[in-house]
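Trainee: Once you've had a glance at the structure underneath, I'll fire off some questions.
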Amino acid sequence: MAQREIRFGVIGCGLMGREFASAAARWCHLVNLDFVPRIVAACDLNGEAVGWFTANVPGLRLATVDYHELLADKTIEAIYCAVPHNLHKQIYIDTIKAGKHLLGEKPFGIDLPANRAILEAVKQNPGVLVRCSSQFPFFPGAYQIVQWIREQRFGQIIEVEAGFWHSSDLDPNKSINWKRQISTNGEYGCMGDLGMHVVHIPLRFGWKPASLKAFLSKIVKERPDKEGRRVPCETWDNAVLACEVATLDQQFPMFLSFKRIAPGHANTWFIRIQGTRLSAEFTTRNPKQLLSLPYTPGGAQEWRVVDIPYRSAYETITGGIFEFGFSDAILQMWAAFCDEITHGPGMKQFFSCVTPEETAASHELFTGALESQRINQVVQLA
Ligand SMILES: NC(=O)c1ccc[n+]([C@@H]2O[C@H](COP(=O)([O-])OP(=O)(O)OC[C@H]3O[C@@H](n4cnc5c(N)ncnc54)[C@H](O)[C@@H]3O)[C@@H](O)[C@H]2O)c1
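My numbering numbers the first residue of the sequence shown as 131 and each following residue consecutively.
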């Protein structure tokens, strides 16, 4: 099949920039696609980070410390940008104004005003595809749940719980980095860092909280810096939001949690939905397992546990008996972005990356959570 080549530049060659490069390198994993990304340029202030790209990305023809060089390059069609949150606003706006498609990282602006400025640039440049990264819904178990929501299989929603939990910050001797400082990560703390992953599916289906009560905690208040001095750890470690969702025809509680300190958890993303006709649960802790409980009135209430086959949004060479993992989800997400660049609304499967409007809704939620914490009350959201 003839493949349309989409030339990408990567801005920010750290943890996530490298994940992207690795996903591009194994594009042959995907089958029957008429598009292929090529990373042709990389930008980072850190020479070592760019050096990894120079060493590992064949076909890289531009390596620089200045992202404007990527934006000025007419042969580059799209940008993946993974930089600290304080830089999102400027770099995303510059990218959009340069006419490049953008897959940006969450939270899509360090705060609500930054997000609004990015959304304004999106509005002014309708020809550019702008999406935010969120890979977990592409795990086969999560994707199945998304399909069930779409098919309205749950009946009346009783309750939704979703979360993203980490635990490495339980160690008080873990060094401080930009993700624990307000100037670079933002006042949202763990919500800006983890929140978009949690709200992607709920927001996609219109489960936008009408009100919330936030419980935010700062657990480890100081951490060592590079010199070993203990410095303030400024950001919220954990956030639990008790929300009420009101849609046109439904009203239900939704509990969202974003935790940097959940003992024993390493990148645990989960969603649990209880409904009158179907309940279902998926967690990346048991990435092969999908739990579901279909119910008919008067019938038995029996949880089914299935080892879900490797059945992804985009077909792969992997056999159905094998396991799906984090890097597979990144590959699928990137396929969704490239699919949408190539086919627009006629993309090969229905689930797209996070839209700018969904990032705006997430910012309203996190800003509301800060307010709820400040006044220690339930906050109504617009
Ligand atoms: N999707 C996910 O699962 C996931 C996971 C982790 C982080 N993230 C997001 O990805 C983004 C980056 O996080 P990370 O963990 O990769 O951080 P990182 O610190 O590993 O990498 C960020 C890189 O940006 C570079 N940088 C800083 N200023 C720059 C500039 N002006 N121009 C070019 N490069 C610059 C830094 O040198 C660094 O190499 C954040 O928005 C974060 O929230 C997403």
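Just so you know, even glycine gets a beta-carbon here, dropped at the ideal spot from N, CA and C.
This one's a predicted model, so the numbers in the text were calculated from it and none came from an experiment.
Got a sec: does ligand 1 put a non-hydrogen atom nearer than 8 Å to the Cβ of Gly449?
Mentor: Taking the first residue of the sequence shown as position 1, residue 449 is located at position 319. No, ligand 1 has no heavy atom inside 8 Å of this Cβ.
Trainee: Please classify Glu92 as buried or exposed, where buried requires at least 16 other C-beta atoms within 10 Å of its C-beta.
Mentor: Nothing can be reported for residue 92: it is not among the residues displayed for the chain, which extend from 131 to 512.
Trainee: Do the stretch 212–223 and the stretch 461–468 meet, that is, are 3 or more Cβ pairs less than 8 Å apart?
Mentor: no
Trainee: Give, in chain order, every unbroken run of the beta strand (DSSP E) that is at least 3 residues long and sits entirely within the stretch 138–173.
Mentor: Whole beta strand (DSSP E) segments, 3+ residues: 165–173.
Trainee: Can you tell which of Ala185, Gln220, Thr225 and Glu352 has the C-alpha that lies nearest to the C-alpha of Lys204?
Mentor: Numbered from 1 along the sequence shown, position 74 holds the residue referred to as residue 204. When each option's Cα is compared against that of Lys204, the closest is Thr225.
Trainee: Let me check you understand the geometry: is the CB of Trp464 closer than 8 Å to at least one non-hydrogen atom of ligand 1?
Mentor: Indexing the sequence shown from 1 puts residue 464 at position 334. Not under cutoff, so the answer is no.
Trainee: For Lys219, tell me which candidate among Phe238, Lys230 and His231 has the shortest Cα-Cα distance.
Mentor: Indexing the sequence shown from 1 puts residue 219 at position 89. Cα-wise, what sits closest to Lys219 is Phe238.
Trainee: Expressed to the nearest angstrom, what Euclidean distance is found between the alpha-carbon atoms of Gly147 and Lys227?
Mentor: Start at 1 with the first residue of the sequence shown, and residue 147 comes out as number 17. Start at 1 with the first residue of the sequence shown, and residue 227 comes out as number 97. Near 22 Å, if we compare the C-alpha coordinates of Lys227 and Gly147.
Trainee: Please say whether Tyr197 and Ile141 have beta carbons closer to each other than 9 Å?
Mentor: On the sequence shown, residue 141 is found 11 positions in, with the first residue counted as 1. On the sequence shown, residue 197 is found 67 positions in, with the first residue counted as 1. Yes, Cβ-Cβ distance for Ile141 and Tyr197 is below 9 Å.
Trainee: For the beta strand (DSSP E) that contains Lys343, what are its first and last residues?
Mentor: Taking the first residue of the sequence shown as 1, we reach residue 343 at position 213. Pro339 to Ser347 is the extent of the beta strand (DSSP E) around Lys343.
Trainee: Is the stretch 354–368 close to the stretch 253–273, with three or more CB pairs under 8 Å?
Mentor: no
Trainee: For Ile169, count neighbouring C-beta atoms within 10 Å of its own C-beta (all shown protein chains included) and say buried if the count is 16 or more, exposed if not.
Mentor: For the purposes of this step, residue 169 is taken as the residue at position 39 of the sequence shown. With 16 or more Cβ atoms within 10 Å of its Cβ, Ile169 is classed as buried.
Trainee: For Gly319, which of Gln286, Trp366 and Ile331 has the nearest alpha-carbon?
Mentor: Looking up residue 319 in the sequence shown gives position 189. It is Trp366 whose Cα lies nearest to the Cα of Gly319.
Trainee: Determine contact between the stretch 333–343 and the stretch 369–381, defined as no fewer than three beta-carbon pairs at a distance below 8 Å.
Mentor: These segments touch.
Trainee: Is the CB-CB distance between Ile206 and Ala171 below 9 Å?
Mentor: On the sequence shown, position 76 is the one that residue 206 refers to. On the sequence shown, position 41 is the one that residue 171 refers to. Yes, they are a contact pair.
Trainee: In or out: Lys351 buried (at least 16 other Cβ within 10 Å) or exposed?
Mentor: Taking the sequence shown and counting its residues from 1, the one referred to as residue 351 is at position 221. The residue in question, Lys351, is exposed, as its Cβ has fewer than 16 Cβ neighbours within 10 Å.
Trainee: Which of the three DSSP states, helix, strand or coil, is assigned to Thr413?
Mentor: Working through the sequence shown from its first residue, we reach residue 413 at position 283. In the structure shown, Thr413 sits in a strand (DSSP, three-state: E or B).
Trainee: Expressed to the nearest angstrom, what Euclidean distance is found between the alpha-carbon atoms of Gly229 and Tyr222?
Mentor: Taking the first residue of the sequence shown as position 1, residue 229 is located at position 99. Taking the first residue of the sequence shown as position 1, residue 222 is located at position 92. Distance between the alpha carbons of Gly229 and Tyr222 is about 11 Å.
Trainee: Tell me the DSSP secondary structure of Leu192 in three-state form.
Mentor: Here residue 192 refers to the residue found at position 62 of the sequence shown. Strand, per DSSP.
Trainee: Pull up the DSSP beta-bridge partners for Ile136, would you.
Mentor: If you number the sequence shown from 1, residue 136 lands on position 6. For Ile136, which the question treats as bridged, DSSP gives the partners Pro167.
Trainee: From this set, Ser152, Leu511, Gln133 and Cys143, which residue's C-alpha is nearest Lys338's C-alpha?
Mentor: For this step, residue 338 is matched to residue 208 along the sequence shown. Of the listed residues, the one whose Cα sits closest to Lys338 is Leu511.
Trainee: Assuming Asp174 and Cys211 make a contact with CB atoms under 8 Å, what is their CB distance in whole Å?
Mentor: In the sequence shown, counting from the first residue as 1, residue 174 sits at position 44. In the sequence shown, counting from the first residue as 1, residue 211 sits at position 81. Actually they are not in contact, since the Cβ atoms of Asp174 and Cys211 sit about 11 Å apart, beyond 8 Å.
Trainee: Under 6 Å Cβ to Cβ from Glu364, same chain only, skipping five residues before and after it: list those, please.
Mentor: By one-based count along the sequence shown, residue 364 stands at place 234. Around Glu364: Gln311 and Ile312.
Trainee: On a CA-only basis, which of Phe165, Ala151, Trp157 and Glu149 is nearest Glu470? Give me that one, please.
Mentor: The residue you call residue 470 lines up with position 340 of the sequence shown. Closest by alpha carbon: Phe165.
Trainee: Count the other C-beta atoms from every protein chain shown that fall within 10 angstroms of the C-beta of Cys468, then say buried if there are 16 or more, exposed otherwise.
Mentor: Position 338 of the sequence shown, counted from the start, is the residue given in the question as residue 468. Under this definition Cys468 is a buried residue.
Trainee: When we look at the beta-carbon of His231 and count the other beta-carbons within 10 Å, is it buried (16 or more) or exposed?
Mentor: Indexing the sequence shown from 1 puts residue 231 at position 101. The residue in question, His231, is buried, as its Cβ has 16 or more Cβ neighbours within 10 Å.
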